[in-house]
Amino acid sequence: MNNVLCIFPKDCTTEFLNPVYEEIISIYTAKGLLGDPTEDDEYLEKLSSEASRADSIVFLGHGSSKSLYGLNFNEIICEENENIDIFRGKRIILFAGPPGGWPRRLGDLLE
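Here the sequence shown is numbered in this note's numbering, starting from 101 and rising by one per residue.
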């Protein structure tokens, strides 16, 4: 994979994914994006900018059938934020529970 972006809104409930994040950054020389908009006022701008340069996006965190979440289930990527398009044309790997719905729903939204 070339130009990989790894989004990791790390908190105490996702800390177990830290070794996965570190491996992705190391093996693929990926750009890492830690935190979320509640911690960084420029987060969504950084997300958009980094995603536009990426061929592949890996997300490590929480999700539902309509959203990917940051800290305290703050929506980072969702229809309502109108930023779902950052995935358009990208290879996507999601480690986001609970399972079900999101990959199929994401495909429907990007068609």
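Where a beta carbon is used, it is the ideal one built from N, C-alpha and C, also for glycine.
- Contact check for A196 and G161: beta-carbon distance about 6 Å, within the 8 Å limit, so the pair qualifies.
- Where K146 is concerned, there is no enclosing beta strand (DSSP E), although the alpha helix (DSSP H) around it starts and stops at Y143 to R153.
- In the three-state reduction of the DSSP assignment, S156 falls in the strand class.
- In this structure, DSSP gives S126 a helical state, which the three-state scheme calls helix.
- Nearest Cα to A151 within the set G189, K110, P109 and D111: G189.
- For R191, the enclosing beta strand (DSSP E) starts and ends at R191 to G197.
- Assigned with DSSP and collapsed to three states, E139 falls in coil, not helix or strand.
- Collapsing the DSSP output to three states places E182 in coil.
- Buried is the label assigned to F187, since at least 16 other Cβ atoms lie within 10 Å of its Cβ.
- For the options G135, S126 and Y128, the alpha carbon positioned closest to that of E115 is the one of G135.
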